[in-house]
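Visitor: What follows is a structure written as structure tokens; I'll ask about it next.
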Amino acid sequence: MKKNDLLARWLNDDLSEKELSEFKARPDFEKYQKIKNYTAHLEVDDLDENAMLSNILQHKKATPKVIPLYKKWMFRVAAIFVLALGITFVMKNFVPYTETASFGEKTTFSLPDNSEVVLNSGSEIHYKKWNWDSNRRLELEGEAYFRVSKGRRFEVETNLGKVSVLGTQFNVKARKNRFDVMCYEGRVKVNYGNTKIILTCGQSVTFENGKQFRTAIKSSKPGWIDNQICFNKENIKSLLDEVQRQYNITIELNAKDTTSLFTGKLPTKDLNVALQIISTTYHLKAKKVSKNKIIFDEK
Numbered sequence: 004m005k006k007n008d009l010l011a012r013w014l015n016d017d018l019s020e021k022e023l024s025e026f027k028a029r030p031d032f033e034k035y036q037k038i039k040n041y042t043a044h045l046e047v048d049d050l051d052e053n054a055m056l057s058n059i060l061q062h063k064k065a066t067p068k069v070i071p072l073y074k075k076w077m078f079r080v081a082a083i084f085v086l087a088l089g090i091t092f093v094m095k096n097f098v099p100y101t102e103t104a105s106f107g108e109k110t111t112f113s114l115p116d117n118s119e120v121v122l123n124s125g126s127e128i129h130y131k132k133w134n135w136d137s138n139r140r141l142e143l144e145g146e147a148y149f150r151v152s153k154g155r156r157f158e159v160e161t162n163l164g165k166v167s168v169l170g171t172q173f174n175v176k177a178r179k180n181r182f183d184v185m186c187y188e189g190r191v192k193v194n195y196g197n198t199k200i201i202l203t204c205g206q207s208v209t210f211e212n213g214k215q216f217r218t219a220i221k222s223s224k225p226g227w228i229d230n231q232i233c234f235n236k237e238n239i240k241s242l243l244d245e246v247q248r249q250y251n252i253t254i255e256l257n258a259k260d261t262t263s264l265f266t267g268k269l270p271t272k273d274l275n276v277a278l279q280i281i282s283t284t285y286h287l288k289a290k291k292v293s294k295n296k297i298i299f300d301e302k
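Each position in the sequence shown, counted from 1, maps to that position plus 3 in the working numbering.
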């Protein structure tokens, strides 16, 4: 006989004498007897079944809504998709963009307002798309040609100076300690240290070693756009630096005279011609020691 059944029958005084005798012989009988004696003094109100049923119906809890497994999976995918969209939005608008032109290459791209930029070899530009129309500002390392759409002030910052325009075409070059700005259309404002000047179409200015000189330009765009490097009173070291950038080569110079200034043009698509012009101008001899290395020695 099951223990619980036996206990229930004992509480109801339904055990036979034999069963009662065996039940009293159990080791836990004394505990059961104490519980019976204690509960005998307790009074319990009559059970109102109707009231209990009414109370249960009033406080009946809503059946928990079971979400199928496939719907949970869809919710997770949707959450991941929304998160990905948010990250993409932040990356596209708040993270600075960088445009690069490697040695031996040129890069053309458009800004958010459709202004066009052409980067010369060995140059970089950094800018942000966020709120661009109200804050048209970028940072330039190297040289670039700009065709700026009409709009708010457009600023180009370099480590040497700053150029501000509204809508025009101009070229900015910041290499080492030399800062060149050429205006091909409209007007540009140039800030160099404590110096501020305005250039109009056909004017250019150069700052180098604390000196400033201005020249007139007759072309409608910088020569390097048409694969020619244009130099205006530049020393041979600056000249060779630009040749290395344009052709992605290494040049070693063994010469005593490095102060003579060069004004002229060199091609960016014919290395042999460029080397010949340099050799003739500076009385040097060019020697190709490998595919990508040139050595200039004095004759």
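Cβ atoms here follow ideal geometry from the backbone N, Cα and C, with glycine treated the same way. As the structure is a computational prediction, the values presented were derived from the model and not from experiment.
Would you mind working out which of Ala258, Val292, Leu202 and Trp135 sits nearest arginine 155, comparing C-alpha positions?
Guide: Mapped onto the sequence shown, residue 155 falls at position 152. Of the candidates Ala258, Val292, Leu202 and Trp135, the one whose C-alpha sits nearest the C-alpha of arginine 155 is Trp135.
Visitor: Exposed or buried, which one is isoleucine 281 when buried takes at least 16 other CB atoms within 10 Å?
Guide: Sequence index remark: in the sequence shown, residue 281 carries index 278 (1-based). Classification of isoleucine 281: buried, given that the 10 Å Cβ count is 16 or more.
Visitor: Please state whether DSSP places leucine 23 in a helix, a strand or coil.
Guide: For the purposes of this step, residue 23 is taken as the residue at position 20 of the sequence shown. Residue state, collapsed to three classes: helix.
Visitor: Restricting to Cα atoms, I'd like to know which of Asn194, Asn230 and Arg12 is closest to proline 270.
Guide: Working through the sequence shown from its first residue, we reach residue 270 at position 267. Looking at the Cα atoms, Asn230 is the closest of the given residues.
Visitor: To the nearest angstrom, report how far apart alanine 219 and glutamine 206 are at their CA atoms.
Guide: Working through the sequence shown from its first residue, we reach residue 219 at position 216. Working through the sequence shown from its first residue, we reach residue 206 at position 203. When rounded, the distance between both Cα atoms is 5 Å.
Visitor: Can you find the residues in the same chain that come closer than 6 Å, C-beta to C-beta, to tryptophan 227, ignoring five residues on each side of it along the sequence?
Guide: To locate residue 227, count along the sequence shown from 1; it is residue 224. Cβ within range, chain order: Asn123.
Visitor: Looking only at its chain, what residues have a beta carbon closer than 8 Å to the beta carbon of glutamate 301, apart from the 5 residues adjacent to it on each side?
Guide: In the sequence shown, counting from the first residue as 1, residue 301 sits at position 298. So the qualifying residues of the chain are Asn257, Ala258, Lys259, His286, Leu287 and Lys288.
Visitor: Taking just the CA atoms, how far does lysine 214 sit from histidine 129?
Guide: Numbered from 1 along the sequence shown, position 126 holds the residue referred to as residue 129. Numbered from 1 along the sequence shown, position 211 holds the residue referred to as residue 214. Looking at the two C-alpha atoms, the distance is approximately 28 Å.
Visitor: What residue range does the beta strand (DSSP E) around arginine 248 cover?
Guide: Start at 1 with the first residue of the sequence shown, and residue 248 comes out as number 245. Per DSSP, arginine 248 belongs to no beta strand (DSSP E); it is in the alpha helix (DSSP H), 239-250.
Visitor: Taking the beta strand (DSSP E) that threonine 203 belongs to, which residues open and close that run?
Guide: Here residue 203 refers to the residue found at position 200 when the sequence shown is read from its first residue. Threonine 203 -> beta strand (DSSP E) spans 198-203.
Visitor: Pick helix, strand or coil for leucine 45, following the three-state DSSP scheme.
Guide: If you number the sequence shown from 1, residue 45 lands on position 42. Confidence at leucine 45 is low in this model, with a pLDDT of 49, below 50, so the placement of that residue is unreliable and no value is reported for it.
Visitor: Can you say whether aspartate 31 is buried or exposed, counting buried as having 16 or more other CB atoms within 10 angstroms of its CB?
Guide: The residue you call residue 31 lines up with position 28 of the sequence shown. By the 10 Å Cβ count, aspartate 31 comes out exposed.
Visitor: DSSP three-state label for asparagine 110, please.
Guide: Locating residue 110 in the sequence shown gives position 107, where the first residue counts as 1. According to the sequence shown, residue 110 is threonine rather than asparagine. The answer is strand: DSSP assigns threonine 110 an E or B state.
Visitor: State buried or exposed for serine 223, treating a residue as buried only when at least 16 other CB atoms are found within 10 Å of its CB.
Guide: Counted from its first residue, the sequence shown places residue 223 at position 220. The residue in question, serine 223, is exposed, as its Cβ has fewer than 16 Cβ neighbours within 10 Å.
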